[in-house]
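Reviewing the structure listed below.
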Amino acid sequence: MTRKELLRLTIPRPAMLAFMAFAIAAFQGAGANLTLFYLYRQDRWLLLVAALLLALCIWRLVPRPQPLGGGSRLALGAGALMAVAAFAGHYAILSGYDLTRDEQMATFDAAVFARGQLVAPLTGVWRDHADALNTMFMYPARENAAWISAYLPLNAALRSFFGLLGDPALTGPVMVLAGAMALWGCARRIWPGNRETAIVALLLYLGSGQILFNGMTAYAMPAHLALNLIWLWLFLRRTMWSDAAALTIGFVAVGLHQPIMHPLFVAPILFLLVLERDWRRAALYFIGYAAIGAFWAWWPNAIYALVEGNALAPKNEGVDYISRLVATIADGDGMRIANMVANILRFFSWQHLLLLPLLPFGIAVVRRDRLAGALVGGILLTVAVMLVILPYQGHGFGYRYLHGLIGSFILLAAYGWASLGEAKAIWRGLLLRTTVAGLIVVLPLQAWMAHSFYVAPAQVSKRIAGSAADYVVVGGADAPFAADLVVNPPFLDKRPIRLLREAIDPELVSALCVSRPRVALVEPNELASILAYYRMSTPVADAPDRALAGELRAAGCTVVPIG
Numbered sequence: 001m002t003r004k005e006l007l008r009l010t011i012p013r014p015a016m017l018a019f020m021a022f023a024i025a026a027f028q029g030a031g032a033n034l035t036l037f038y039l040y041r042q043d044r045w046l047l048l049v050a051a052l053l054l055a056l057c058i059w060r061l062v063p064r065p066q067p068l069g070g071g072s073r074l075a076l077g078a079g080a081l082m083a084v085a086a087f088a089g090h091y092a093i094l095s096g097y098d099l100t101r102d103e104q105m106a107t108f109d110a111a112v113f114a115r116g117q118l119v120a121p122l123t124g125v126w127r128d129h130a131d132a133l134n135t136m137f138m139y140p141a142r143e144n145a146a147w148i149s150a151y152l153p154l155n156a157a158l159r160s161f162f163g164l165l166g167d168p169a170l171t172g173p174v175m176v177l178a179g180a181m182a183l184w185g186c187a188r189r190i191w192p193g194n195r196e197t198a199i200v201a202l203l204l205y206l207g208s209g210q211i212l213f214n215g216m217t218a219y220a221m222p223a224h225l226a227l228n229l230i231w232l233w234l235f236l237r238r239t240m241w242s243d244a245a246a247l248t249i250g251f252v253a254v255g256l257h258q259p260i261m262h263p264l265f266v267a268p269i270l271f272l273l274v275l276e277r278d279w280r281r282a283a284l285y286f287i288g289y290a291a292i293g294a295f296w297a298w299w300p301n302a303i304y305a306l307v308e309g310n311a312l313a314p315k316n317e318g319v320d321y322i323s324r325l326v327a328t329i330a331d332g333d334g335m336r337i338a339n340m341v342a343n344i345l346r347f348f349s350w351q352h353l354l355l356l357p358l359l360p361f362g363i364a365v366v367r368r369d370r371l372a373g374a375l376v377g378g379i380l381l382t383v384a385v386m387l388v389i390l391p392y393q394g395h396g397f398g399y400r401y402l403h404g405l406i407g408s409f410i411l412l413a414a415y416g417w418a419s420l421g422e423a424k425a426i427w428r429g430l431l432l433r434t435t436v437a438g439l440i441v442v443l444p445l446q447a448w449m450a451h452s453f454y455v456a457p458a459q460v461s462k463r464i465a466g467s468a469a470d471y472v473v474v475g476g477a478d479a480p481f482a483a484d485l486v487v488n489p490p491f492l493d494k495r496p497i498r499l500l501r502e503a504i505d506p507e508l509v510s511a512l513c514v515s516r517p518r519v520a521l522v523e524p525n526e527l528a529s530i531l532a533y534y535r536m537s538t539p540v541a542d543a544p545d546r547a548l549a550g551e552l553r554a555a556g557c558t559v560v561p562i563g
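This is the structure in structure tokens:
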């Protein structure tokens, strides 16, 4: 294969994605929603850099005839390196901060579980005014006897466990390490006589910014990826004990965060058992996942009973998964297609430079390899379901709803590698060059983007945490995602307590001011760094703060500066 042929096979796809990203950004602008903002500020530039780096890596490329060598120690070393980088990056790059409600809820629930409880009780005035504490993504109750997130508990339980070992922030890095080892195991099972293909898969994993930077967060996604790969490794072993272990992993994976993600990955793979007429294993997995599904469907109703203070109150919408699904679909999304296209662009912009060029070769194998077809099926099924249910992902590095299937993408690319034949010699050189280019150019660029996104709200939150006030009030509409600054410990045992201005009513003001506490209001100028990131000017009007300050003083509170 000549360099000209290699250019033809590699450059057009990332170049086309870069063109699409710039075109969508020009047509939709950056202000439509967060997905388009990401595309405008981050993804289009990453895709452009990827196309340019690929072309640069091919320039004067020298073939490498010798296969790549290495063993399980290489997988352990690469995974450990990523784990160390993810743990350090949580503090150095992401400021040790939980930016989003998904991250905050994982930390919140972990703190509750660490005390040996399933929910944190709410007492006094907070039973009737919990919304002022910010109850976004928590169980909706009519009378709040307690509070806990509405997510399934096992991601938080993992964080609670690692908290006992020293630091909950170890969870993501350990999952990144576990994912690397499981990916190696899967590749060795699929290609037992071809060690190089496993090394290729490992290098694609190593060069994924989505894996690395999500590993720095409290998201459930690192665990989804690791557990899916562990499940696949166990499934491929085809023994009774490994199938039982796979079902155990499946129980944990379904209960991590949202119940739908893991089943979308395993369903096409389990369908292979039907095609193979392996009725014993098919029955085992059917019964096992039916039991798993029944348990996790029961869980929200059981926890809601602990949260709702009025046993006779009708159940709120959004407690069970059916009502959540109906409400989510009913909300609709006028930018459904644009969001999903932007999601896919974002996914590839945060992956190894060579993942996309290798994928078509892997997809071509689907016609003769059922496992490859099942991996493609899981990807397509997930994209289709999320397009209908929730095409807007919100925050996250890459496309989070495909995070658990990054292993599927990598294994498909590895299938493509295995099919290259004699052309591997020149592709080897390109793989090594693009891996190095990704590590020294793309990952630092992504690190800068990640730090820029987290640092402003992290600094504002730190300033709030250092206030001498008893309560700090934040206006949720004063800056993009300012409501996420209103995050409180589950037992309300640390001052200042943060309050959401829009949820404060006269009754709460009267109740709070009885003890004459100090209350600080986060004025718009305090949010200037967040507004600057979103390229918004500081609003001049501060009428809501002035009005609330007057009410607080009249009720007996002392209004103080935040500093």
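Position one of the sequence shown corresponds to residue 1 (this note's numbering), numbered consecutively onward. Yeah, the Cβ is synthetic: ideal placement off N, Cα and C, and Gly gets one too.
- For a cut-off of 8 Å, the C-beta gap from residue 222 to residue 172 is around 4 Å, short enough to register as a contact.
- Between the beta-carbon of residue 159 and that of residue 218 there is about 7 Å, and that keeps the pair under the 8 Å contact cut.
- Look at residue 402 here: in three-state DSSP terms it is helix.
- The C-alpha of residue 486 is placed about 18 Å away from the C-alpha of residue 394.
- Taken through DSSP and simplified to helix, strand or coil, residue 486 comes out as coil.
- DSSP, reduced to helix, strand and coil, places residue 558 within a strand of the structure shown.
- Note on geometry: alpha-carbon atoms of residue 56 and residue 456 lie some 35 Å from one another.
- A Cβ-Cβ contact shorter than 8 Å links residue 138 with residue 150.
- Distances from the CA of residue 312 to each of 4, 142 and 43 were compared; the closest alpha carbon is that of 142.
- Taken in chain order, no unbroken stretch of beta strand (DSSP E) lies wholly in the segment 38 to 102 with a span of 3 residues or more.
- In this structure the segment 116 to 134 does not lie against the segment 250 to 270, because fewer than three pairs of beta carbons, one per stretch, are closer than 8 Å.
- Per DSSP, the continuous alpha helix (DSSP H) segment holding residue 379 begins and ends at 370 to 389.
- For residue 473, DSSP records a beta bridge to 499 and 521.
- The three-state reading of DSSP puts residue 529 in helix, counting H, G and I together.
- Residue 210 places its beta carbon less than 8 Å from that of residue 403.
- Taken through DSSP and simplified to helix, strand or coil, residue 126 comes out as helix.
- The DSSP assignment places 154 to 165 as complete runs of the alpha helix (DSSP H) inside the segment 120 to 165, in order along the chain (cut-off: 4 residues).
- Residue 339: member of the alpha helix (DSSP H) spanning 336 to 349, first to last residue.
- Distance from the CA of residue 514 to the CA of residue 336, rounded to the nearest whole angstrom, comes to 49 Å.
- The DSSP-derived three-state label of residue 196 is helix.
- With 16 or more other Cβ atoms from the protein chains shown falling within 10 Å of its own Cβ, residue 28 counts as buried.
- A direct Cα-to-Cα measurement between residue 70 and residue 427 gives close to 18 Å.
- Under DSSP, residue 551 takes part in no beta bridge, so it has no partner.
- Residue 120 and residue 105 have their C-alpha atoms spaced approximately 13 Å apart.
- When DSSP states are grouped into helix, strand and coil, residue 276 belongs to the coil group.
- Contact between residue 360 and residue 421 does not hold, since the beta-carbon distance rounds to 15 Å and is not under 8 Å.
- In the structure shown, the three-state DSSP call for residue 422 is helix.
- In the three-state reduction of the DSSP assignment, residue 308 falls in the strand class, which pools E and B.
- Here residue 230 really is in contact with residue 249; their C-beta atoms are around 5 Å apart, less than 8 Å.
- Around the beta carbon of residue 491, fewer than 16 other beta carbons sit within 10 angstroms, so the residue counts as exposed.
- Rounded to whole angstroms, the separation of the alpha carbons of residue 413 and residue 261 is 22 Å.
- Where residue 248 is concerned, the enclosing alpha helix (DSSP H) starts and stops at 240 to 254.
- Judged by pairs of C-beta atoms under 8 Å, the segment 108 to 118 does not touch the segment 201 to 210, as fewer than three such pairs exist.
- By the C-beta criterion, the segment 167 to 183 is judged not to be in contact with the segment 43 to 61, since fewer than 3 inter-stretch pairs fall below 8 Å.
- Rounded to whole angstroms, residue 302 and residue 111 show a C-alpha spacing of 20 Å.
- Counting of Cβ neighbours within 10 angstroms places residue 66 among the exposed residues, the total staying below 16.
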